[in-house]
Structures are given as C-alpha cells and as structure tokens.
Amino acid sequence: MTFNPDINLIAAAMDRIIPPMGDLEGAGGLGLAPEVIERSKTDDRFWLALQTVYASLNAPGNFGMLDGEQQDAALSAIESETPDAFGFWLDVVYTVYYMQPRVHQRLGWHGRTPQPDGNQMPPWNESVLANIRTRAPFWKQV
Amino acid sequence: MHPAMSDQTHDPNRTADVLIIGAGASGGAAAAWLSEAGFDVVCLEQGHWQDAATYPTADADYEFKQMSSWSYNPNVRKLPEDYPVNTSDSPINPVMFNGVGGSTIMWAAHTPRFHPSDFRVKTLDGVADDWPISYQDIEPWYDLNDGIMGCAGIAGDPANPPRSPRPMPPIPIGHDGEMIAAAFERLGWHWWPSDNYVNSVRFGEGRDACNFCGHNLMGCYQRAKSSTDLNYWPRAINHGAELRTGCRVSEITTDSSGRATGARYFDSEGNTQHQSARSVIMASNGVGTPRLLLMSKSDAHPNGLANGSRLVGKNLMFHAFAIVAGVFPEHKEPWVGPLANIIQSQEFYETDPNNDFSRGYTFQMNRGQGPGWTARGGFSDRVPWGKDHHSVMDQRFRNTVGFGIIGDDLPEEHNTVTLDPNLKDSSGLPSPKINYALSDNSRRMMIHAIDKGTEVLKEAGATEVTVDPLMRESGWHLLGTARMGNDPERSVVDANGQSHEVDNLFIIDGSVFVTGAAVNPTPTIQALALRTADYIVNQRQDLKG
Ligand SMILES: Cc1cc2nc3c(=O)[nH]c(=O)nc-3n(C[C@H](O)[C@H](O)[C@H](O)COP(=O)(O)OP(=O)(O)OC[C@H]3O[C@@H](n4cnc5c(N)ncnc54)[C@H](O)[C@@H]3O)c2cc1C
Chain A
196 MTFNPDINLI AAAMDRIIPP MGDLEGAGGL GLAPEVIERS KTDDRFWLAL
246 QTVYASLNAP GNFGMLDGEQ QDAALSAIES ETPDAFGFWL DVVYTVYYMQ
296 PRVHQRLGWH GRTPQPDGNQ MPPWNESVLA NIRTRAPFWK QV
Chain B
29 MHPAMSDQTH DPNRTADVLI IGAGASGGAA AAWLSEAGFD VVCLEQGHWQ
79 DAATYPTADA DYEFKQMSSW SYNPNVRKLP EDYPVNTSDS PINPVMFNGV
129 GGSTIMWAAH TPRFHPSDFR VKTLDGVADD WPISYQDIEP WYDLNDGIMG
179 CAGIAGDPAN PPRSPRPMPP IPIGHDGEMI AAAFERLGWH WWPSDNYVNS
229 VRFGEGRDAC NFCGHNLMGC YQRAKSSTDL NYWPRAINHG AELRTGCRVS
279 EITTDSSGRA TGARYFDSEG NTQHQSARSV IMASNGVGTP RLLLMSKSDA
329 HPNGLANGSR LVGKNLMFHA FAIVAGVFPE HKEPWVGPLA NIIQSQEFYE
379 TDPNNDFSRG YTFQMNRGQG PGWTARGGFS DRVPWGKDHH SVMDQRFRNT
429 VGFGIIGDDL PEEHNTVTLD PNLKDSSGLP SPKINYALSD NSRRMMIHAI
479 DKGTEVLKEA GATEVTVDPL MRESGWHLLG TARMGNDPER SVVDANGQSH
529 EVDNLFIIDG SVFVTGAAVN PTPTIQALAL RTADYIVNQR QDLKG
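Chains as they are written, first to last, in this note's numbering: chain A, 196 to 337; chain B, 29 to 573.
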C-alpha cells in the first residue's frame with residue numbers, strides 16, 4: 196500500500212519538535228515537511244520510522260485539533276511507546292532543519308559547506324610547549 | 029579520476045607471487061613494499077576507488093549523508109560492496125570502509141604509537157600475553173610509515189620514547205586546544221600535540237594542507253588527510269602491482285597439502301573467478317580476515333584456514349571508548365579545526381598499583397562537527413525536542429569540546445567473530461557475527477577515566493559535563509582475531525605474520541594484535557605490514573616466480 200502522509204499534520208508535529216524562535220518559524224512553519232518525507236524515502240530506517248510516528252499522529256483524537264500542550268503530551272507518548280522510530284524520525288527532522296541557511300543565520304554559524312574554503316585557525320605556536328617540555332620522560336622502560 | 033585508477037582485468041593464466049586480499053591501510057603498505065622489491069603483486073578489493081572531489085562535504089546535504097550513505101557503519105551505509113555484520117550480541121558496532129584505501133578513507137588519522145610496555149603486559153602486569161616482538165623491532169617501520177603516510181607532529185613527548193623528527197610541523201591546536209592544554213598543566217598532568225597523518229603543509233603528490241574544515245570522517249576533500257589510495261597504492265601500481273576492484277573473495281584455496289594456492293572471488297560482474305598465487309596475504313581487517321579464514325574450510329583445514337589453534341575469530345578487541353564533553357560558558361566555535369587531531373594526554377597510560385584495574389588509557393581531545401550532528405547527539409545524547417530545544421542546542425553547538433577516551437582492551441577468548449548462520453552479504457556469502465562484552469577491567473578503567481576527564485574539563489572551566497560511557501558506534505579498531513605468537517597452540521601467526529600452519533599464508537591487518545594498547549592502532553598495523561613484507565622480500569624469495 197502506498198503511504199501518502201498529510202503534510203500539514205507532519206508540519207504541525209514538526210513545529211512542536213523545533214518550535215519557532217524569534218523571527219524564525221518552527222521546523223513545520225519553514226515548509227520542511229515535504230523534504231523530511233522525501234529524505235525519509237532514501238533509507239528504510241527513516242521511512243519505517245516516519246510511518247510509525249505518522250500512524251500514531253493520525254490515530255483518532257486528531258493531533259491537529261489538540262492545543263500545544265496536548266500535542267506535546269501526544270508526542271511524548273509516541274516517544275515512549277516507539278522510542279527507536281521516534282528517534283530516527285527526530286534525526287531526519289533535526290538534520291533537515293539544520294541544513295537550512297536561515298537556521299544557520301540564527302545560529303550565528305557561517306552556514307556554508309566546509310569545502311573548499313574550510314576555516315581559519317591561528318598558526319601552530321611552539322611556545323605552548325614551554326612548560327610540558329620541562330617534564331622528564333616518564334614512559335616505562337622495558 | 030585518480031591517476032592510478034587503471035582498469036585491469038583477470039588473466040586466468042597468471043600466477044601472482046603474492047595475492048593480497050584487501051586494499052586498505054595494511055594491504056596498500058605491503059603491496060608497495062613488495063612490488064618495489066620486484067614481486068608480482070595482485071590485490072583483490074571488494075570496493076572501488078574514491079574520487080576526493082565527490083566527497084560529501086562539498087554538498088549542502090552532507091550532514092544527511094553522514095547518517096545514511098556516508099555513515100561509517102556498514103549496516104547503515106549498505107553499499108553493495110559492504111557486508112552486513114550481526115551486532116545483536118555486542119554493545120559496540122564495528123565500523124569500517126570498504127574500498128581502495130579501506131577504512132583510511134573514513135579514519136580520523138590520529139596516529140599515536142604503542143608504548144614499549146604494550147608489548148610486555150604479561151611480564152609487567154601479569155595480564156594477557158606478551159607480544160613476540162618488541163617496540164624496538166618495529167620502530168624503524170613506524171618511522172618509514174610516518175614518512176610515506178606523512179606525519180604532522182613534533183618530537184619530544186615525555187610520555188613516549190624519543191622519536192625521529194616528524195616530516196611536518198603539528199596541526200595548529202587552536203585556542204580550544206590551548207585551553208585544554210593549560211588545564212592539564214594546572215593539574216600537573218601530561219599533554220602533547222597529537223601525531224596525525226594529516227597535512228599541516230602541502231605534502232605528497234597533489235595533496236593540500238588541511239583547510240580545518242572539521243569533517244574528515246567522510247573522506248577528505250582536500251586530500252590533506254592521508255589514505256592509502258593517495259600514497260601507497262599509486263606507488264605500488266607504478267611498480268607493477270595490479271589492483272582489481274569490485275572483486276569479493278569468497279575463499280582462500282589450498283592444495284591437498286594445505287598450502288594456499290590463491291583465492292576464489294566474484295568479479296565486478298558477479299562471475300566466479302580464481303586467482304592463482306604462490307602466496308596469499310590477508311589484509312581484510314580484524315573482522316574481514318577471520319571471516320574469510322573461517323569460510324575457507326577444506327579437508328586439510330577442517331576448522332577454517334590456519335585455524336589449528338582454534339583462535340581464528342577469537343580475542344576480538346575494539347578498545348573501550350568513552351566520550352566526556354564539557355559545555356563552556358563562552359563560545360568555542362568547535363567546528364573550526366579537525367575533529368580529533370589536536371592534543372592527547374597519556375598521564376594515565378601505564379598500570380598504577382593504586383588503581384583497581386590494569387593498564388590504562390589515553391585522552392584524545394575532540395571537537396564538534398556541524399549543527400545536524402550536534403542536534404542528533406554529537407558528543408552525548410540527542411538535543412531535546414520542544415521548548416528547550418533552542419537553548420540546549422545553542423549551548424552545545426557553540427560551546428562544547430571534549431575527549432574521546434581510548435582504554436586498553438585486553439584480549440578475551442569469548443569476544444569473537446564467527447560466521448552468522450543466516451545473514452548473508454550481497455554475494456550470498458555468510459556475514460560475520462560479533463559477540464563482545466566489555467570486561468570488568470575495562471569497565472573499572474573507564475569509570476576512572478571518566479572521572480579524570482570530568483576533572484580536567486571542569487578545571488578548564490566547563491559548567492556542564494556530559495558522558496557517553498561506551499560509545500556504540502566506536503568499533504573502529506578491529507583487533508586480535510588471528511593473533512601472533514611463538515606458540516602455535518596459542519596463536520595463529522608467528523612474529524613475522526606468517527601462519528604457523530600454512531607457510532605461504534600471511535596476515536598483516538589488526539587481526540594479528542596480541543593486545544590493543546590504549547592508542548589508535550593504524551601506525552602499528554602499517555608498521556607490522558611493512559615488516560612482514562620485508563620479511564618476505566628477505567627470507568621468502570622462494571615465493572617469487
Ligand atoms: C570512522 C573511523 C575512524 C578511525 N580513526 C582512526 C584514527 O584516528 N587512527 C587510527 O589509527 N585508526 C583509525 N581508524 C581505524 C583504521 O581505519 C583501521 O585501523 C585501518 O584502516 C585498518 O587497516 P586494515 O588494512 O586492517 O583494514 P581496512 O583499512 O579496513 O581495509 C580492509 C579492506 O579489505 C577489503 N575486504 C574485506 N573483505 C574482503 C573480501 N572478502 N574480498 C575483497 N576485499 C575485502 C575491504 O573492502 C577493505 O577495503 C578509524 C576507522 C574508522 C572507520
């Protein structure tokens with residue numbers, strides 16, 4: 196059977212997972228639910244996890260109709276009932292969220308792939324060895 | 029394309045002098061040494077060449093690839109050239125890479141040496157066994173390997189015997205490294221800049237200096253991190269060695285007298301082939317080698333090849349590996365600089381009679397990686413979801429540095445690699461099954477280490493310390509499963525890596541380790557591989573056609 200999750204429902208849950216912060220919307224409000232679904236398809240662990248979490252979100256009681264605290268309680272229940280699946284789902288939500296340039300900006304991170312520029316470091320400075328160099332050799336002779 | 033990526037095919041009439049199984053750290057070193065000495069070398073490697081320009085850190089989604097197609101756990105990566113490993117009875121997952129360069133494609137390239145005492149633990153401490161060789165026996169091979177792989181570091185470490193000048197100056201240790209070093213000094217504890225096979229300056233053909241990107245576990249885009257596809261293999265191929273990729277060995281074949289005759293393998297099209305050879309060298313790592321030996325049963329070797337001692341696959345050592353990380357009040361930018369190529373402390377390396385454990389451990393300073401990695405758990409557990417997510421994430425991402433703690437993991441026969449009766453790889457061959465339990469000695473050692481690690485992080489100013497007492501994805505050191513020794517009843521190979529039972533079979537990977545020491549093993553693996561190759565060159569000219 197094909198699995199066609201309701202994007203709005205997943206987005207609502209993602210907003211509770213990573214809520215808005217200042218000007219920045221939550222993980223759902225940023226429109227990342229479709230990417231979470233697409234990326235989950237590339238790995239069985241993530242795809243099964245999404246289906247497991249979704250089945251609970253979609254259970255009678257309708258997650259979308261709950262208030263924020265109730266939604267958190269529902270997510271906590273899913274987490275304790277299916278910890279592995281919930282964990283894999285979190286990994287995908289977190290990773291997709293932290294791939295976003297707007298999120299990097301908020302973190303104050305340079306927000307680019309590390310290549311080819313890399314990062315700058317102060318050069319090696321041998322004077323830091325001044326103290327430790329005074330220690331006598333202490334390796335065990337055999 | 030790598031210049032050395034030649035397309036070589038099977039010649040059914042060729043009998044190689046030496047057939048090497050596996051093109052990783054040890055296989056590359058031996059292939060270069062033997063081909064330079066005029067031996068006809070063929071290597072069969074189940075994986076493929078890698079192209080540094082396509083390593084994932086050049087892509088915006090590299091943090092997703094880190095937990096899927098570029099995971100260092102083969103059970104997660106699931107490439108056709110990977111074999112699954114049953115880890116249901118192990119608290120530690122073996123991790124590796126299968127391709128030209130082997131696990132050096134993914135390694136951190138932190139390259140300390142064993143201490144002289146590591147070779148004499150029975151004599152000194154009454155535990156495990158002594159090695160049949162000493163530190164002095166392999167010292168020249170360490171030096172040679174440091175020069176070829178390219179070592180950045182500085183001689184003069186008081187915790188280790190004097191060593192020759194390093195070919196490159198150390199990788200800068202950064203302000204975070206200086207902060208931790210100062211804390212060690214205030215406590216009166218040892219520290220020293222790590223030796224690393226990472227370029228601090230341009231070194232080796234086409235290899236740049238490190239650009240401090242912080243992500244060398246998914247292949248090094250700069251080729252600043254050394255891996256054997258960049259140095260030993262081009263050298264070997266230039267001297268006539270043939271490296272056949274996409275070729276998975278299923279059996280080492282033997283004649284009626286039990287001597288090795290070559291290997292049967294699946295070629296890159298899935299056809300069964302046989303490569304004849306006058307000798308065989310196993311370089312498939314501490315899991316792959318026992319797996320293949322156990323798969324190579326015959327009338328002459330009913331327990332598996334070279335397994336009269338029944339020690340093939342036993343005494344598996346991983347190293348006990350814990351993480352202790354400190355959250356600091358001020359920003360540290362821990363994504364700047366290589367992950368694990370900073371400083372180390374060996375204050376607690378040797379057995380101390382005041383402790384309730386034998387042997388000791390090394391602190392290896394670690395930095396963080398990207399934000400996805402941090403949120404997923406990074407140094408400790410996942411960042412919580414919900415209302416506290418942002419505050420915890422901000423703290424951990426910007427302000428955390430810590431230690432990997434490597435504890436000496438002594439051999440125990442019940443820690444094993446066996447053949448799984450059900451699980452198979454993509455060629456239908458039995459997968460390895462790991463049975464492993466952390467010893468009481470290691471457990472007590474890690475309690476001590478975590479306590480001391482916490483002390484130094486607090487001394488450095490950490491306001492919070494997180495601990496992972498036994499990291500699950502830490503089986504990067506695969507050791508002990510075909511140990512060396514003088515007694516054929518108590519070991520699989522002799523001091524030269526030659527099988528006690530099969531005089532034309534050699535083992536050169538981490539399987540031959542008698543003990544694990546408390547350091548990363550690869551310089552020792554490669555030094556032993558070169559030493560065995562040199563033994564063949566000098567003492568086994570009979571293997572040359
Ligand atoms: C993430 C990570 C970090 C690490 N960091 C460090 C570090 O900082 N310092 C350090 O010293 N060590 C480190 N290591 C360990 C280091 O990479 C290994 O010790 C080293 O590569 C082992 O060398 P080897 O030759 O024994 O095996 P490998 O390098 O693993 O090579 C074995 C090769 O054999 C091939 N093979 C296996 N079975 C078959 C078969 N049936 N047919 C054909 N080919 C086969 C495999 O495909 C593979 O390419 C790290 C490893 C990992 C994974």
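Heads up, the beta-carbon is just placed ideally off N, CA and C, and yes, glycines get one too. From a predicted model like this one, the values you see are computed outputs, not experimental measurements.
- At a threshold of 7 Å, residue 277/B counts as near ligand 1, since its beta carbon sits closer than that to one of the ligand's heavy atoms.
- Annotation for residue 454/B: 108 place their beta carbon closer than 7 Å to its own, counting only its chain and skipping 5 residues before and after.
- Judged by beta-carbon spacing, residue 168/B lies beyond the 8 Å limit of residue 180/B, meaning their Cβ atoms are not closer than that value.
- Taking non-hydrogen atoms of ligand 1 into account, the C-beta of residue 302/B is found less than 7 Å away from none of them.
- Checking the 7 Å criterion, the Cβ of residue 271/B is out of range of every heavy atom belonging to ligand 1.
- The stretch 281 to 288 of chain B and the stretch 192 to 211 of chain B do not touch, with fewer than 3 CB-CB distances between them shorter than 8 Å.
- When CB distances to chain A are screened at a threshold of 8 Å, the residues of the stretch 225 to 239 of chain B falling below it are 228, 238 and 239, in chain order.
- Among the bridge pairs identified by DSSP, residue 349/B is matched with 434/B.
- Taking 7 Å as the cut-off, one finds no heavy atom of ligand 1 near enough to the beta carbon of residue 97/B.
- According to the DSSP assignment, residue 547/B belongs to no beta strand (DSSP E), since it is labelled neither H nor E.
- The residue from 313/B, 112/B, 242/B and 275/B with its alpha-carbon nearest to that of residue 536/B is 313/B.
- Short note on residue 74/B: C-beta closer than 7 Å to some heavy atom of ligand 1.
- Contact note: residue 95/B reaches chain A through 286 and 290, using a C-beta cutoff of 8 Å and chain order.
- A heavy atom of ligand 1 is found nearer than 7 Å to the CB of residue 505/B.
- Within chain B, the C-beta atoms nearer than 7 Å to that of residue 337/A come from 144, 145, 148 and 152, in chain order.
- Under the Cβ distance rule, residue 223/B does not count among the residues neighbouring chain A, no pair being separated by less than 8 Å.
- In summary, residue 236/A is exposed, with fewer than 16 beta-carbon neighbours lying within 10 Å of its beta-carbon over all protein chains present.
- Taking 7 Å as the cut-off, the C-beta of residue 127/B counts as close to a heavy atom of ligand 1.
- In the three-state reduction of the DSSP assignment, residue 305/A falls in the coil class.
- A distance of 8 Å or more separates the beta carbons of residue 321/B and residue 73/B.
- Ranked by Cα distance from residue 556/B, the options 571/B, 522/B and 145/B are led by 522/B.
- Within chain B, the residues 200, 202 and 203 have their CB atoms less than 8 Å from the CB of residue 317/A, given in chain order.
- DSSP links residue 196/B through a beta bridge to 180/B.
- The C-beta of residue 249/B comes closer than 8 Å to at least one C-beta of chain A.
- In the DSSP assignment, residue 496/B forms a beta bridge with 351/B.
- Judged by DSSP in its simplified three-state form, residue 229/A adopts helix.
- Between the alpha carbons of residue 311/A and residue 93/B lies a gap of roughly 18 Å.
- Secondary structure of residue 235/A (DSSP, three-state): helix.
- The secondary-structure analysis by DSSP pairs residue 277/B across a beta bridge with 293/B.
- With fewer than 16 other CB atoms across the displayed protein chains lying within 10 angstroms of its CB, residue 452/B is exposed.
- Contact annotation, residue 489/B with residue 346/B: C-beta distance approximately 32 Å; criterion of less than 8 Å not satisfied.
- In this model, residue 164/B and residue 295/B are separated by some 41 Å (Cα to Cα).
- Those residues of the stretch 72 to 93 of chain B placed with their C-beta closer than 7 Å to a C-beta in chain A are 85, 86, 87, 88, 89, 90, 91 and 92, ordered along the chain.
- The Cβ atoms of residue 513/B and residue 160/B sit closer than 8 Å to each other.
- At a cut-off of 8 Å between beta-carbon atoms, residue 253/B makes no contact with chain A.
- In this structure, the CA atom of residue 479/B is about 21 Å from the CA atom of residue 396/B.
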